[in-house]
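Okay, structure first, notes after.
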Ligand code: DGJ
């Protein structure tokens with residue numbers, strides 16, 4: 033039976049669904065919208081106007097298991113059947129014990145039994161605080177050390193995965209599952225219960241200590257220094273020094289999530305992911321300590337082997353840097369959440385072309401095209417001074433990008449892992465050149481140059497993706513940039529166009545809209561999204 037799996041394409045992993053390469057050109061729905069199939073009809077309508085081929089949507093522990101041991105799959109069935117009717121795929125988000133480092137979605141029978149399902153003590157005996165970063169809203173969560181919670185969470189997730197196998201193994205509507213959401217502890221770098229203190233004072237498991245000493249090459253500098261400077265054996269402080277508390281939390285959080293994921297995989301081994309609330313320059317506890325941030329990826333790899341992909345929620349201004357940080361340890365790039373402002377569309381193209389990403393999903397895409405409210409940007413933890421926030425993403429433009437990537441999917445994925453697929457973005461203007469053997473392309477992306485030389489406030493929404501089809505033939509996605517082709521052959525320094533066409537792919541075949549020549553071949557400058565087929569000729573002296 034063909035079930036969705038991660039295939040290795042030239043060293044980059046991407047999804048195979050129904051036996052075909054499948055890039056998740058998705059959107060993540062607002063937290064509460066998938067609690068109603070009827071409400072989701074309007075959400076799907078918006079997704080289809082944006083050209084999305086899939087949605088990421090929550091399945092919650094509270095609605096799945098309203099009473100202990102009593103499971104209600106009616107909502108899951110309705111959501112899967114709804115996606116099938118529209119010919120789309122799903123990524124399901126298991127909101128179990130964790131959601132934004134809190135236990136919002138644990139069922140009432142879990143929340144109300146604090147003896148059986150212990151809460152995390154952010155300081156001795158304190159399980160309830162206020163998050164002063166967010167208007168003092170209340171903060172509490174379940175303990176990553178509580179076996180009862182872990183077992184109950186894993187039982188529920190196991191039941192969910194067993195049911196999905198029964199009703200979807202043939203159709204492959206569900207392509208992947210995210211296990212929990214933004215795990216970790218807020219308010220402290222580790223839990224401070226008596227149990228946590230005793231474990232923190234105990235010996236670090238020898239296998240883990242040895243693994244960490246052998247995994248320093250990819251570690252963040254401070255983590256590497258702490259591991260290399262620590263003792264080979266001893267308690268957590270002795271072995272991991274200044275990073276001991278975060279590593280302790282990551283060890284136990286990842287082990288918790290890993291047990292839930294493993295239980296689900298025993299029933300139906302779909303690709304499973306874990307997403308993270310990023311540190312954004314803060315200290316553990318100001319961001320969820322123990323969550324799968326890039327600096328803790330080595331810990332998560334050891335403790336949660338059933339998690340296939342660690343995924344970043346990226347609202348930070350340095351989008352490109354955040355992407356880079358999550359491609360270490362051969363981790364495929366899958367972005368389950370990101371901003372819907374004016375860079376959303378170009379970023380989708382860039383992550384596919386530059387990082388050969390397996391998926392991309394703006395969060396709360398339901399409002400895409402509307403001005404970003406200060407409340408939303410604050411809630412999303414965004415830099416409210418970011419100029420990108422001033423301009424909503426044009427939805428027609430977003431749809432063009434998504435549909436164009438969808439139309440090129442097999443071509444794109446077949447070049448994953450190779451240098452035949454590259455992209456540049458105006459968010460990294462200094463990286464403006466792509467080389468393909470004899471030929472290269474420079475993309476000038478300062479939109480000031482595009483507006484007749486007026487130094488506009490250069491928005492960073494220019495993008496250029498180049499896919500080399502043959503030695504001298506290329507397909508190019510371009511917007512808000514000027515493309516300058518050149519030869520790298522000193523003997524043949526001159527370049528001419530043998531073909532320059534604007535077009536699209538229809539059912540996998542190139543369809544020419546216009547043959548471009550004359551003025552349109554003098555300067556390849558684009559202020560609207562354009563797909564080109566280019567055939568070049570390099571020559572020297574006669
Ligand atoms: C990140 C979370 O993962 C989402 O569920 C949502 O709460 C966003 N933050 C918006 O705040």
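Residue numbers (the numbering used here): 33 to 574.
Ideal Cβ positions, reconstructed from N, Cα and C, are used throughout, including at glycine.
As assigned by DSSP and simplified to three states, the class of residue i
{"i": "residue 48", "result": "strand"}
{"i": "residue 112", "result": "helix"}
{"i": "residue 419", "result": "helix"}
{"i": "residue 280", "result": "helix"}
{"i": "residue 148", "result": "coil"}
{"i": "residue 297", "result": "helix"}
{"i": "residue 505", "result": "strand"}
{"i": "residue 394", "result": "coil"}
{"i": "residue 310", "result": "coil"}
{"i": "residue 117", "result": "helix"}
{"i": "residue 496", "result": "strand"}
{"i": "residue 547", "result": "strand"}
{"i": "residue 325", "result": "coil"}
{"i": "residue 290", "result": "helix"}
{"i": "residue 134", "result": "strand"}
{"i": "residue 54", "result": "strand"}
{"i": "residue 553", "result": "helix"}
{"i": "residue 369", "result": "strand"}
{"i": "residue 264", "result": "coil"}
Neighbourhood of residue i by C-beta distance below 7 Å, restricted to the same chain and skipping five residues each side
{"i": "residue 425", "result": "372, 373, 374, 376, 377, 400 and 401"}
{"i": "residue 515", "result": "473, 475, 496, 508 and 556"}
{"i": "residue 433", "result": "377, 380, 381 and 561"}
{"i": "residue 448", "result": "41, 42, 44, 46 and 388"}
{"i": "residue 331", "result": "279, 282, 283 and 286"}
{"i": "residue 222", "result": "228, 232, 277, 280, 281 and 321"}
{"i": "residue 485", "result": "Reliability fails at residue 485, whose pLDDT of 44 lies under 50, so the model's placement of it is uncertain and the value that follows must be treated cautiously. Nothing listed; no residue qualifies."}
Own chain partners of residue i with C-beta closer than 6 Å, once the 5 adjacent residues on each side are dropped
{"i": "residue 395", "result": "60 and 369"}
{"i": "residue 244", "result": "259"}
{"i": "residue 224", "result": "153, 155 and 156"}
{"i": "residue 176", "result": "284, 285 and 288"}
{"i": "residue 577", "result": "Past the edges of the chain, shown from 33 to 574, lies residue 577, and the structure says nothing about it."}
{"i": "residue 184", "result": "none"}
{"i": "residue 418", "result": "349"}
{"i": "residue 271", "result": "236, 241, 262 and 263"}
{"i": "residue 115", "result": "122 and 205"}
Whole-angstrom distance between residue j and residue i, CA atom to CA atom
{"i": "residue 93", "j": "residue 137", "result": "6 Å"}
{"i": "residue 460", "j": "residue 122", "result": "32 Å"}
{"i": "residue 558", "j": "residue 37", "result": "38 Å"}
{"i": "residue 181", "j": "residue 565", "result": "56 Å"}
{"i": "residue 537", "j": "residue 202", "result": "29 Å"}
{"i": "residue 210", "j": "residue 453", "result": "28 Å"}
{"i": "residue 219", "j": "residue 313", "result": "16 Å"}
{"i": "residue 348", "j": "residue 293", "result": "28 Å"}
{"i": "residue 499", "j": "residue 569", "result": "17 Å"}
{"i": "residue 107", "j": "residue 142", "result": "21 Å"}
{"i": "residue 35", "j": "residue 113", "result": "17 Å"}
{"i": "residue 529", "j": "residue 297", "result": "52 Å"}
{"i": "residue 415", "j": "residue 470", "result": "42 Å"}
{"i": "residue 290", "j": "residue 526", "result": "56 Å"}
{"i": "residue 338", "j": "residue 267", "result": "27 Å"}
{"i": "residue 573", "j": "residue 548", "result": "26 Å"}
{"i": "residue 120", "j": "residue 254", "result": "43 Å"}
{"i": "residue 358", "j": "residue 324", "result": "10 Å"}
{"i": "residue 101", "j": "residue 170", "result": "29 Å"}
{"i": "residue 217", "j": "residue 173", "result": "8 Å"}
{"i": "residue 318", "j": "residue 423", "result": "29 Å"}
{"i": "residue 129", "j": "residue 533", "result": "53 Å"}
Element boundaries [alpha helix (DSSP H), containing residue i]
{"i": "residue 618", "result": "This structure cannot speak to residue 618, because the chain is shown only from 33 to 574."}
{"i": "residue 143", "result": "140 to 143"}
{"i": "residue 78", "result": "69 to 81"}
{"i": "residue 385", "result": "376 to 387"}
{"i": "residue 353", "result": "351 to 357"}
{"i": "residue 260", "result": "253 to 261"}
{"i": "residue 270", "result": "268 to 272"}
Host beta strand (DSSP E) of residue i (start-end)
{"i": "residue 564", "result": "562 to 571"}
{"i": "residue 178", "result": "Run containing residue 178: none; DSSP gives neither H nor E here."}
{"i": "residue 129", "result": "121 to 131"}
{"i": "residue 520", "result": "Where residue 520 is concerned, there is no enclosing beta strand (DSSP E), given that its DSSP letter is neither H nor E."}
{"i": "residue 96", "result": "Unbroken run through residue 96 is the alpha helix (DSSP H), 93 to 96; no beta strand (DSSP E)."}
{"i": "residue 100", "result": "Per DSSP, residue 100 belongs to no beta strand (DSSP E) and is neither H nor E."}
{"i": "residue 536", "result": "526 to 538"}
{"i": "residue 160", "result": "It is not in any beta strand (DSSP E) - residue 160 carries neither H nor E in the DSSP assignment."}
{"i": "residue 167", "result": "Looking at the DSSP string, residue 167 is not in any beta strand (DSSP E), and its letter there is neither H nor E."}
### Query
Unbroken beta strand (DSSP E) runs of length 3 or more, entirely within the region 184 to 245: which are they?
206 to 213
### Message
List, from N- to C-terminal side, the alpha helix (DSSP H) runs of 4 residues or more that fit wholly inside the region 425 to 489.
### Response
427 to 439, 441 to 446 and 479 to 482
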